[in-house]
Each structure stands twice: as C-alpha cells, then as structure tokens.
Amino acid sequence: MSAIRNIISATTIEEVQAAVSMIGPPLLARGGGTKPALSQADGVGTLDLSGLRGISEYDPGEYTFTAYAGTPLAVVRHALAEHGQYLPFDPPLADAGATLGGTIAAGVSGAGRMRYGGVRDFLIGVRFVDGQGRLVRGGGKVVKNAAGFDLPKLMTGSLGRLGVLVEVSFKVFPAPAAYATVAATLPTMAEAARMVQQLAAAPVDWEALDIAPAPKGATLWARLGGLKQALPPRVARVQELLEDSRLLTPAEDEALWRRINALDFGNAADMLVKAALTARDIPALDAALAAAGAVRHYSAAGNLAWIAWPGSAHDLDRLLAGQRLPGLTLRGAAAFPLVGRRPAAAFLQPVKQTLDPAGRFPAFEQDAD
Amino acid sequence: MSFSTALESLYPPARLLREPAQLAPYESDALTAFRSRPRAVVLPESSDEVIETVRLCHLHDVPFVARGSGTSLSGGSLPIADGIVIALNRLNRILRLDPDARIAVVEPGVVNLHVTHAAAPYGLYYAPDPSSQPICTIGGNVAFNSGGAHCLKYGMTANHVLGIKAVLPNGAVIELGGESLEPVGPDLTGFFVGSEGLFGIALEITLRLLPRPEQVRTVLASYHSLAAAGDAVAAVVASGLLPAALEIMDKLAIEAAEMSVNAGYPRGAAAVLIVELEGEAGSVDAEFARLQQVMEQTGADEVRLAEDDAARARIWKGRKGAFSAVGRLSPDYIVQDGVVPRSRLGETLARIDELSATYDIRVANVFHAGDGNLHPLILYDGRKPGELERAEELAGEILTLCIDAGGSITGEHGVGMEKRAYMPRMFTPVDLDVMRELRWAVDPDELANRGKMLPGDSPEGSSASRHPHPLERQGIISRV
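Following this line, the structure appears as structure tokens:
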C-alpha cells in the first residue's frame, strides 16, 4: 500500500481493508478513472484499485468467471473471446480502460443490454469491503443462487458509497458468431421513439436498438447477432420493417458500436450523464435537451439515455426531476452524482447507515447522513 | 385499543379468521413437515388495508407473515405462533398492462400464469415459469426470487422486476425502480427481490414482458445412464448454443411422471434430457440444425422432436408435474434445491445415489441441468418412526455436497425456515452479521417473516427479539 498525497493504491484485499480502516477523509475507489464524477470529489481521497486485477477463475463450460475488481474490461473481453463468450451487456468505456468494479459500482450497461439484460442481470457474486473494513460476500459463483440477501444487486450502482468492490463473479454467454446492423433514417425523434418501441415488441432477437438525432430527423440502428448463415434472411426481414434503411458493412458495424461503447458524445467539457427512461419519455425529454444544446443518444429501445450536457448540473437536475427521470453523472463537475428523481431514502438510508456508519465513503446526497 | 380490537375495526368478520377450523389451511405451506397456528389470518382486499395492517403490527409489536398461495417449498410462508398471516390472494388485480411499453403492473396476489394469459393477446408473455406457475403468486415469486425451467437464458424473477411499491415493516411506503429496463443508483429493486419477506410486503410490482418467441423447438432425448445425459448437457453447452432450457429427469422421476400424466417419455430410460431452443424463426432453424449434430454425438438411445405445440406441452407436463407425480410414489417427500457448478453435476449425482443407498431412502432426481440446479426428491414415510429425521439428515448431506462443490444451498426455492441452519456453511460469520444488520436496520423488531432465511434468528413462536443488537448498542438505531 502506498500513499501519494490523497491517493492510496491497494493491490490486495487486505490493503483495501487497511485503507478503509484508516482515519482520514472519505474514500472513493477508482479503477480506470473513466467515470471521473464517480471517483473524484472535493475533500475525498482516492483509493486506486487498478493494481487489484486479474481473472482468478474462468471455466468456459460453467459460463462464469471471477476476477478482481480492478480488472480492465478489455482484459476480460479478450479472455472470454478466446472461448467464444462475452459479457452480453456490452459494458461501456471498455477501450478507454474501464474496469469491472467501476462498471458495477456505476451500474452502467451499454447498447448490448437490449438482448439479455444489464450489468445487474449478469453479476452473480461480489466480495466487498464495507465502511467498517469488513470483507463481505454476497451471492456466489454459480449461475443460479437464491441464498441470502441479493448483495450483488445492492452493490450494482452503489457508486462507491456502500463499500469497495474487491472481487466479482459474472455469468457470461456464448457470443454471436456474426453481427449485422441496419441503419434507417426517420423524420423526427418522436417517430424514431415510436419505431423502436414497435420493433422491440416484435419477435426479433435484437442485439441493440439505438436512436439518436440526425441533422435531418433521426437515425435508428438495429443490430442482429447470431449464426452467420441465418443473418441474411433476418436482415432482409428487418429491412422490410424499416423503410429507407441500409445494411452497414461489417467494418462500419464494428466501428459504430465501438464508438457508442466509448460514449463519445458531445465535447470533453460537457457533463456526461446517463438517464433511465422509456421510449414514451423520449419526445418530451429530447425536445428539452435539444433546446439546451445537449447531445443525445438513446440505447436499448429507448430505455437508456446518454446525455452530453453543456450547462450546469443544477439545471440538468431540475430538467430530469421535472420529468420524473433518474440520472447519473459520469463525467463533469458534480458534488453528488445522482441527478433527477432520487432513490427511496426510507430504504437506502438504513442500508447506508449499516454498511458505512462512520462515513468512510461519501454520502449519496447533500445532508443525507 | 388492543391489537384484536384494531383488527376488528379494520376487517369485517368474514375477512378476519380466528377459529381453529379457519386457521388450519394456513398452518403450513408446501413444506408440509412443519406447521404452526397463527393467532389470526387477515384477508385484505386493498393495498391500504395491507399498509394499515402492517402499521398495526408495528404499533403492537406483532410479527406478521405475508402469504400468497402457500406453495413455498422452503417453508417461506410458515406462520409464527403469536403472529398473524396477511393472506394476499384477494389482491389479485392486474392494475395495468401496457403492451407498447411491454410491462404489467400487478398486485402481489396475481397468479404467475395469469400475467402471461393477460399478455397473450398482445404477443407478449411473462418469462419466469416456476413449476407451480398455475397457482403461485407474483408476490411470493418476488419474495423468494423464484426461478423456473428457463432461467438459463432468461434469468430469475429479479431479472424481470422493474419496479416495486412496498410497505416496509415500520409501515413506511416506498417506491423502488420504475418502468425503465435500466436502473440508476443502487439497485434497490433487485435487492428487495429475494429478501424472503424480511424487508416488508410488495404491494405493486412492475413486471417486464417479453415478445413471445416466434419459434420453439423442443427435443427429448433418452439415455441409458444419468452420466450420459449429463455429458450431453456439457456437449450442448460447449457447442456455443444457448438453449432456453436444459432439463434432466432420472429413472424414478420418469416412472412417476409416466404414471401420473402419461407424458410419453421413453419407458425404461435411465434418464431423459429436454432441450429447448427458442427465438426468431431464422435463428432457431439454424441453431436446431447445429443441435441435431451435437445430439448425434451424445450416444442417445432416442432423440425425439416435439412435432407441435401439443407434443411440446406434453413433454413439459411431465417435467412440471414431476414433483406431485413423485408424491404418488411416497407418502411424504422433501425437495432439495442445491446448485453445483455444471461440471460437477455428474459426480454429485453419483454421490447422491450412494447416499440414497446408505440411508436406504429413495431419491428421485429432476433438475435444471443447464443451471446446475438439482432437485433431489427425498422420499420418506413420516408415519415410520425416525424416517423424517433420516430423510432430513440425507437432505443435509446433499446440501453439504453442493456447498463443497462451490455451489449454493438454494437455486430458486429460497432459504425459508428449512435451510437457514445451512447458511453458516455457505457464508462467513461476517457475511451473516452484515445480512442480519441490514435486516435490523429495516426491521429492528424482526416483525416481518421472523424466523426465515437468517440462522440463529428468534425461533418461530417466540418473541425473543427484545435483546439489544449491536447497532442498538452503538446507538445507531433505537426502538420507538
């Protein structure tokens, strides 16, 4: 364990426990540092976990693996791909160096969550160090398990404020052998939102269904995955559903989804915010965001919005709260990362109080503890 | 006002049960070896009545157990002797079904299969399908994070619950999640699911509905040994296919199913394997061709494709009716629910076979092979002295096998009152302390489903939760 100014690096679970047990400013864990609003705050020390890494168990026949929290997504992606497997929820910022622990703590999933669900649906076990320095395990290493409280779910989206994840177990799936993406142009975002809703209700196994504003109207991207020989007729059928559409080349397909995974929206100075919504919320939200000059991208048939916001956190908080939508700041100045509609304090506060009674991690909210 | 008087003013006599004959049906659930008579059973018809009842329990320090159809195999809805049962069957409305958003908002007493029936006209369905789905309720499914035969691909109940409105044990009403597939902040919805009633009662549940798969292919293969069927599962998994279901039944279970529902399983087979592929027509056709190649290499005695929906329904009728069918072979049985890593299935089953011989107790095996989720049915006769104890001891040995193999004591039935003694073998004292503290933080008096999930909890029937617990000593929590 080494400490330089306000940064403590931990490369073992014991070092994480020791760091949490010290007297000092509250700590936030940092893996790859790709979501700085969640790993930095004024008056908060950094617990660097990039050295707590490595896959500890992986048996492809089990469809599961266990790894230390600081393991980069790119390392996991490579190890799984060697056996034709993947994390289907397409964890964002993989190329930028995001880690497993950061992905879970932020509770973020990418466009691929359309197919089988998000990070919450694939995380099966956690070990974390709580605010009292205790090493706690929840869940397990098998794909199905109903014993005890579902702590893996609780830690998903816990924003580093309930404990420091140190080791995690995931369920994985066989990866599609091939992909194909169809891009279509629609006259307005409202029509694009209606279209993804319709498509999502069709008996088609969508890998991703994304929309975003285009210079004239909106673009819709529909991605399919599966056995290569089955793709051409499936693509033809999608093109029948979507007028004015075009099949991307394999290179275009790969580049497009890599760019979306990189969350490369707006300017570096903008706040980058995730919001949860449904396709029905898009027309009103998108109009308000457009008026404020924000860049928008919507994944998972309109269930997940990425917003590059040029204004203040306060204004975005009010905008989202006005539409009763919850949001999370990943990048940009934010004293507290949650914006818009907040979680139920009557349930969250007793949980926070139990796992972090002394405030070794920051609060979820101003004045909350 | 006393608790009894308060209940009388809240419920008309027909919905407040206190006579022994009225209480009898509520004394036990599907874990029939245990029973306990509650002081009263109330039958609320609205969320407000549930909330008011919980507040009364909190005010008067009376423990309560929420109950749906009483199908818990782990004793999850076993009453507490000095407590009340809140029976939720009359809260059985589907409050909203929104085909465009593909969600259903339901009350806890809605029967699992009724959600799918209501969604069917829109080409949608509710995926989690526990074998008891024609009678079990969503409230119970949420409390115990129920599974089913299609978890391999679709996950458990928690993966299909988007939002919950619930009453906490202190009477506070909270709303978790919403209608979006995507949560923000700590996944409190997912944390509430599977909490076995310890965090209170779900009043409204927002469920995710899926488009009904366009094509389903169901294959039934028979094998001359259980090990060969297990190897076939490994081969299918290694092929890169993702079946929606991979189920195995052994000889005894096959015989029982045949006697009971005449499912048409090959007589005399040592094991049958059910493999189901589903999805888009184009995909399933290509995957099925692949599956056929794989199955040809597995040494099956016979491979049969369900030709139509009726044939498919027949295969599943045998599988889903297996528990009750096995019940015909024996006056009593215990169903176990352990999980092992898939690669350890073979050796675990062989060991169960040996234990069965050692204890001289028959064990039928029906299991979700794709998930490594075993369901040994331990057959015994409760009228024979000592046989229940021997059956329970055997059940314990099987759970130990699962834990030693790196698995779990329960895949989908929950810990309930039945398996809580095994929790310390799966979790460390610290893990269990943390779970207990989380429970106390939400319910310091242990009013909600006392005596379930956590070991060393006050035994049911007693109200010994009065000792101060660590959080109280630290001054973090206090009693009202």
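Top to bottom, those sequences are chains L and G.
Each residue of the first sequence is one higher than the one before, starting from 1 at the first, in this note's numbering.
Each residue of the second sequence is one higher than the one before, starting from 1 at the first, in this note's numbering.
Cβ atoms here follow ideal geometry from the backbone N, Cα and C, with glycine treated the same way.
Note that the coordinates shown come from a computational prediction; the quantities given were computed from them, not determined experimentally.
Extent of the continuous beta strand (DSSP E) to which G:Pro-376 belongs:
Note, G:Pro-376: beta strand (DSSP E), 376-380.
Would L:Asp-253 be called buried (16 or more neighbouring beta carbons within 10 Å of its own) or exposed?
Here L:Asp-253 is buried. Its C-beta has 16 or more other C-beta atoms within 10 Å.
Taking its Cβ as the centre, do 16 or more other Cβ atoms sit within 10 Å of L:Asp-210, making it buried, or is it exposed?
Per the 10 Å Cβ criterion, buried.
Chain G contacts from the segment 323-347 of chain L (Cβ-Cβ distance under 7 Å)
Cβ contacts with chain G come from Pro-326, Gly-327, Leu-328, Leu-338, Pro-343, Ala-344, Ala-346, Phe-347.
Thinking G:Ala-270 and G:Lys-251 are a contact (beta carbons under 8 Å), I'd like their distance in whole angstroms, please.
The pair is a contact, with the Cβ atoms about 5 Å apart (cut-off 8 Å).
Got a sec: is the Cβ-Cβ distance from G:Ser-458 to anything in chain L below 9 Å?
For G:Ser-458, the predicted structure reports a pLDDT of 47, less than 50, and the residue's modelled location is therefore unreliable. A value from the coordinates is still provided. Not a single C-beta of chain L is nearer than 9 Å to the C-beta of G:Ser-458.
Any Cβ of chain G within less than 9 Å of the Cβ of L:Gly-226?
Closer than 9 Å: yes.
Can you give me, in chain order, the residues of the segment 406-419 of chain G that have a beta carbon less than 9 Å from any beta carbon in chain L?
The segment 406-419 of chain G vs chain L, Cβ under 9 Å: Gly-406, Gly-407, Ser-408, Ile-409, Thr-410, Gly-411, Glu-412, His-413, Gly-414, Val-415, Lys-419.
Cβ separation of L:Asp-317 and L:Gly-340, assumed to be a contact under 8 Å, to the nearest whole Å
About 6 Å; that satisfies the 8 Å criterion.
Burial state of L:Ser-50, where buried means 16 or more other Cβ atoms lie within 10 Å:
So L:Ser-50 ends up on the buried side.
For L:Glu-167, the residue or residues it bridges with in DSSP:
L:Tyr-68, L:Arg-127, per the DSSP bridge assignment.
Cα separation between G:Leu-355 and G:Pro-169?
G:Leu-355 and G:Pro-169 have their C-alpha atoms some 42 Å from each other.
Can you name the residues that DSSP bridges to G:Lys-452?
BP columns for G:Lys-452 are empty, so no partner.
Short check: CB of L:Ala-334 to CB of G:Glu-182, under 9 Å?
No.
Would L:Thr-64 pass as an interface residue toward chain G - the criterion being a Cβ-Cβ separation below 9 Å?
Chain G contact via Cβ: present.
Less than 9 Å between CB atoms is the rule here; does G:Pro-468 satisfy it with respect to chain L?
A caution first: G:Pro-468 carries a pLDDT of 43, below 50, which makes its placement in the model unreliable, though a value can still be read off. Chain L, which has no Cβ nearer than 9 Å to the Cβ of G:Pro-468, makes this no.
Three-way DSSP call (helix, strand, coil) for L:Asp-59 in this model
Strand at L:Asp-59.
Within a Cβ cutoff of 8 Å, which residues of the same chain sit near L:Ile-124, ignoring the five residues on either side of it in sequence?
Within the same chain, L:Ile-124 has close Cβ partners Thr-64, Gly-139, Gly-140, Lys-141, Val-142, Val-143, Asn-145, Pro-152, Ser-169, Phe-170, Lys-171.
Could you work out which residues of chain L lie near G:Ala-286, taking near to mean beta carbons separated by less than 7 Å?
Those within 7 Å of G:Ala-286 in chain L are Leu-227, Gln-229, Ala-230.
Would you be able to state if there are at least three C-beta pairs under 8 Å between the segment 241-253 of chain L and the segment 294-309 of chain L?
Contact fails: fewer than three Cβ-Cβ distances are below 8 Å.
Given that G:Arg-491 touches chain L, what residues does it touch there, using C-beta distances under 8 Å?
One cannot answer for residue 491 of chain G here, as it falls past the ends of chain G, which runs 1 to 480.
If we cut at 9 Å on Cβ distances, does G:Ile-174 have a partner in chain L?
Closer than 9 Å to some Cβ of chain L, the Cβ of G:Ile-174 qualifies, so yes.
Report the partner residues of G:Phe-530 according to the DSSP bridge assignment.
The structure shown does not extend to residue 530 of chain G, since chain G is modelled only from 1 through 480, so no value can be given for it.
Counting only beta-carbon separations shorter than 9 Å, does G:Val-193 have a partner in chain L?
For G:Val-193, the nearest CB of chain L lies under 9 Å from its own CB, placing it at the interface with that chain.
Secondary structure at L:Arg-341, three-state DSSP: helix, strand or coil?
In the structure shown, L:Arg-341 sits in coil (DSSP, three-state: anything other than H, G, I, E or B).
Locate the alpha helix (DSSP H) running through L:Thr-103, then write down its first and last residues.
In the DSSP assignment, L:Thr-103 falls within the alpha helix (DSSP H) that extends over 100-106.
What do you reckon, are the CB atoms on G:Val-115 and G:Tyr-126 nearer than 9 Å?
Yes, the pair counts as a contact, with Cβ atoms nearer than the cut-off.
Taking all protein chains shown into account, decide if G:Ile-80 is buried (16 or more other Cβ within 10 angstroms of its Cβ) or exposed.
Per the 10 Å Cβ criterion, buried.
Quick one: Cα of G:Gln-293 to Cα of G:Glu-307, how far?
A direct Cα-Cα distance of roughly 18 Å separates G:Gln-293 from G:Glu-307.
Using a Cβ-Cβ cutoff of less than 6 Å, which residues in the same chain neighbour G:Arg-18 once the five nearest sequence positions on both sides are dropped?
Closer than 6 Å at Cβ, skipping near neighbours: Ala-40.
Which whole-angstrom value describes the C-beta separation of G:Ser-131 and G:Lys-384, a residue pair presumed to lie in contact below a C-beta threshold of 8 Å?
The pair is not a contact, with the Cβ atoms about 28 Å apart (cut-off 8 Å).
Near-chain L residues of the segment 422-436 of chain G (beta-carbon distance less than 9 Å), N- to C-terminal order
If you check each beta-carbon in the segment 422-436 of chain G against every beta-carbon of chain L, the ones closer than 9 Å belong to Tyr-422, Met-423, Met-426, Phe-427, Thr-428, Val-430, Asp-431, Leu-432, Asp-433, Val-434, Met-435.
Does G:Met-295 have its Cβ less than 9 Å from a Cβ in chain L?
It does not: the Cβ of G:Met-295 has no partner Cβ on chain L nearer than 9 Å.
Quick check: the Cα distance between G:Thr-32 and G:Leu-78, rounded to an integer number of angstroms?
Between G:Thr-32 and G:Leu-78, the C-alpha separation is close to 10 Å.
In DSSP terms, what L:Trp-309 is bridged to
L:Met-271, per the DSSP bridge assignment.
List the whole-angstrom C-beta distance separating G:Val-434 from L:Val-126, where the pair is believed to meet the contact cut-off of C-beta under 8 Å.
At roughly 12 Å, the Cβ-Cβ gap does not stay under 8 Å, so G:Val-434 and L:Val-126 are not in contact.
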